[in-house]
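Novice: Sharing a structure with you now.
Protein chains: 2
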Amino acid sequence: MENDRPYGREPHPSMNPHITLLTLGVDDLERAVAFYRDGLGFSTKGIIGTEFENGAVAFFNLQSGLKLALWPRKSLSADSGLPLRASSAIEFSIGHNVSSQHEVDAVMRQAEQAGAKIVKPAQPTFYGGYAGYFQDPDGHLWEVAFNPGFASLG
Amino acid sequence: MENDRPYGREPHPSMNPHITLLTLGVDDLERAVAFYRDGLGFSTKGIIGTEFENGAVAFFNLQSGLKLALWPRKSLSADSGLPLRASSAIEFSIGHNVSSQHEVDAVMRQAEQAGAKIVKPAQPTFYGGYAGYFQDPDGHLWEVAFNPGFASLG
Numbered sequence: 010m011e012n013d014r015p016y017g018r019e020p021h022p023s024m025n026p027h028i029t030l031l032t033l034g035v036d037d038l039e040r041a042v043a044f045y046r047d048g049l050g051f052s053t054k055g056i057i058g059t060e061f062e063n064g065a066v067a068f069f070n071l072q073s074g075l076k077l078a079l080w081p082r083k084s085l086s087a088d089s090g091l092p093l094r095a096s097s098a099i100e101f102s103i104g105h106n107v108s109s110q111h112e113v114d115a116v117m118r119q120a121e122q123a124g125a126k127i128v129k130p131a132q133p134t135f136y137g138g139y140a141g142y143f144q145d146p147d148g149h150l151w152e153v154a155f156n157p158g159f160a161s162l163g
Numbered sequence: 010m011e012n013d014r015p016y017g018r019e020p021h022p023s024m025n026p027h028i029t030l031l032t033l034g035v036d037d038l039e040r041a042v043a044f045y046r047d048g049l050g051f052s053t054k055g056i057i058g059t060e061f062e063n064g065a066v067a068f069f070n071l072q073s074g075l076k077l078a079l080w081p082r083k084s085l086s087a088d089s090g091l092p093l094r095a096s097s098a099i100e101f102s103i104g105h106n107v108s109s110q111h112e113v114d115a116v117m118r119q120a121e122q123a124g125a126k127i128v129k130p131a132q133p134t135f136y137g138g139y140a141g142y143f144q145d146p147d148g149h150l151w152e153v154a155f156n157p158g159f160a161s162l163g
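Chain order of the listed sequences is A and B.
Residue 148 in my numbering sits at position 139 of the first sequence; the count goes up by one each step and never skips.
Residue 160 in my numbering sits at position 151 of the second sequence; the count goes up by one each step and never skips.
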């Protein structure tokens, strides 16, 4: 039978494909918290962990099981042992998919009012959707997108 | 009454605090797909979109409502209009929280066998947890952590 395995179990249980936290390195923690909390309206208890060296951090609850953290780049560097270096805005992007073009426009407008840099105004995409990019105060790239076929990808 | 608003609705509906996609910029798409699919065991339909300029991409389903994408850095640069530049490993980290120290060790071992670079072997953390860091083939930083207090943050 297809599911029969020699010793009745998976020999190498595999990593569960999930992410619980996305930590963004920031240069000014208070500025970053203000952007996400006051500008985008994300909810947070504010900066915690200031009693620890490199501990100051702010967490935001996203959807169930996922948090966003803002943590100084120098703390991430110290904790991981990786050197500080010039930042790069094309290491990753954060996708925020919404249900309509109208909603893309509304989120892009909110981000701009919050002080984001509009990198690419919302416009039709090659795959038949509609999307725009903005950068947060630390240069982290967000893509706000309406893509009717999104759920079927992956 | 607390919920009474002048015109019966929120004047500025706020951005929903959720992320639907985390896109990682990669230098070698096939190598990156092999790492996540074959090494970590994440499920994917493989590379799609090759018929479009800068369209080649691979998606992986993470937990409900969230996907991981691997996309060449040059495509992310071309699509966003942001310049290619030297990569930086401390822009962000991806947190993978698990339920025990044993599970941290198992995931770190699996990542190492998959070809990840172990940046910091799993060890006790300042907040009373247990965690290690690894980098994927493009230098993206993952933290594998056991943190009993994680759910109450944010």
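The beta carbon of each residue, even a glycine, is placed where N, CA and C say it ideally should be.
Remember, predicted model here, so these are calculated numbers, not experimental data.
Tell me which residues share the same chain as S108/A and place their Cβ nearer than 8 Å to its Cβ, disregarding the 5 neighbours each side in the sequence.
Specialist: Mapped onto the first sequence, residue 108/A falls at position 99. Contacts found: F155.
Novice: Give me the Cα-Cα distance between L33/A and L77/A, rounded to the nearest whole angstrom.
Specialist: The residue you call residue 33/A lines up with position 24 of the first sequence. The residue you call residue 77/A lines up with position 68 of the first sequence. Near 8 Å, if we compare the C-alpha coordinates of L77/A and L33/A.
Novice: Compute the distance between the beta-carbons of V35/B and D147/B, then report whether it is under 8 Å.
Specialist: As a position in the second sequence, residue 35/B is number 26, starting the count at 1. As a position in the second sequence, residue 147/B is number 138, starting the count at 1. Yes, Cβ-Cβ distance for V35/B and D147/B is below 8 Å.
Novice: Since F97/B and A95/A are thought to touch, with beta carbons under 8 Å apart, how far apart are those beta carbons, to the nearest angstrom?
Specialist: Translated into the one-based positions of the second sequence, residue 97/B becomes position 88. Translated into the one-based positions of the first sequence, residue 95/A becomes position 86. The residue you asked about is not Phe; residue 97/B is Ser in the sequence shown. Confirmed, about 6 Å.
Novice: At the 8 Å Cβ level, is R18/A part of the contact set with chain B, yes or no?
Specialist: Counted from its first residue, the first sequence places residue 18/A at position 9. Here the model assigns R18/A a pLDDT of 44, short of 50, so the residue's position is not dependable, and the following value carries that caveat. Not closer than 8 Å to any Cβ of chain B, the Cβ of R18/A fails to qualify, so no.
Novice: Between R94/A and chain B, is there a C-beta pair that is closer than 8 Å?
Specialist: In the first sequence, the residue the question calls residue 94/A occupies position 85. Yes - at least one Cβ of chain B is within 8 Å of the one on R94/A.
Novice: With A67/B as the anchor, note down where its beta strand (DSSP E) starts and where it stops.
Specialist: Looking up residue 67/B in the second sequence gives position 58. Run containing A67/B: 66–70, per the beta strand (DSSP E) assignment.
Novice: If the criterion is Cβ atoms closer than 8 Å, does the pair F69/A and P26/B meet it?
Specialist: Reading the first sequence from its first residue, position 60 is the one you call residue 69/A. Reading the second sequence from its first residue, position 17 is the one you call residue 26/B. Cβ distance < 8 Å, so F69/A and P26/B count as in contact.
Novice: Do A120/B and L71/B have their CB atoms nearer than 8 Å?
Specialist: In the second sequence, counting from the first residue as 1, residue 120/B sits at position 111. In the second sequence, counting from the first residue as 1, residue 71/B sits at position 62. Contact: no.
Novice: Could you check the C-alpha separation between A160/A and A140/A for me, to the nearest Å?
Specialist: For the purposes of this step, residue 160/A is taken as the residue at position 151 of the first sequence. For the purposes of this step, residue 140/A is taken as the residue at position 131 of the first sequence. For A160/A and A140/A, the distance between alpha carbons rounds to 16 Å.
Novice: Taking Cβ-Cβ distances below 7 Å as the criterion, which residues of the stretch 84–110 of chain A are in contact with chain B?
Specialist: For the stretch 84–110 of chain A, which is checked against every Cβ of chain B, the residues closer than 7 Å are L85, S86, S89, G90, L91, L93, R94, A95, S96, S97, A98, I99, E100, F101, S102, I103, G104, H105, N106.
Novice: Let me know the secondary structure DSSP gives G141/B once reduced to three states.
Specialist: Here the question's residue 141/B lines up with position 132 in the second sequence. Strand.
Novice: Can you pull the chain B neighbours of L33/A, defined as C-beta to C-beta under 8 Å?
Specialist: On the first sequence, position 24 is the one that residue 33/A refers to. Within 8 Å Cβ-Cβ: E100, F101.
Novice: Along chain A, which residues have their Cβ under 9 Å away from the Cβ of P26/B?
Specialist: As a working mapping, residue 26/B is identified with position 17 in the second sequence. By Cβ distance, chain A contributes Y45, L49, G50, F51, S52, F69, N70, L71, Q72, L77.
Novice: Write down every uninterrupted run of the beta strand (DSSP E) in the stretch 52–139 of chain B whose length is 3 residues or greater and which is fully enclosed by it, in chain order.
Specialist: Listed in chain order, the complete beta strand (DSSP E) runs (minimum 3 residues) inside the stretch 52–139 of chain B are 53–57, 66–70, 76–81, 101–106, 126–133.
Novice: Shortest alpha-carbon distance to L93/B belongs to which of S73/A, V128/A, I127/A, I99/A?
Specialist: For the purposes of this step, residue 93/B is identified with residue 84 of the second sequence, where counting begins at 1. That would be I99/A, whose Cα lies nearest to the Cα of L93/B.
Novice: Please list, in chain order, the chain B residues whose beta carbon lies closer than 8 Å to that of V116/A.
Specialist: Sequence index remark: in the first sequence, residue 116/A carries index 107 (1-based). M24, listed in chain order.
Novice: Run through DSSP, which three-state label would L30/B get?
Specialist: For this step, residue 30/B is matched to residue 21 along the second sequence. It is a strand residue.
Novice: State the start and end residues of the unbroken beta strand (DSSP E) segment that holds A43/B.
Specialist: The residue you call residue 43/B lines up with position 34 of the second sequence. Segment 38–43 is the alpha helix (DSSP H) holding A43/B; no beta strand (DSSP E) there.
Novice: Does the beta-carbon of F101/A have 16 or more other beta-carbons within 10 angstroms, so that it is buried, or is it exposed?
Specialist: As a working mapping, residue 101/A is identified with position 92 in the first sequence. Looking at its Cβ environment, which holds 16 or more other Cβ atoms inside 10 Å, F101/A is buried.
Novice: Is there at least one Cβ from chain B nearer than 8 Å to K126/A's Cβ?
Specialist: Walking along the first sequence from the start, residue 126/A turns up at place 117. It does not; no Cβ of chain B falls within 8 Å.
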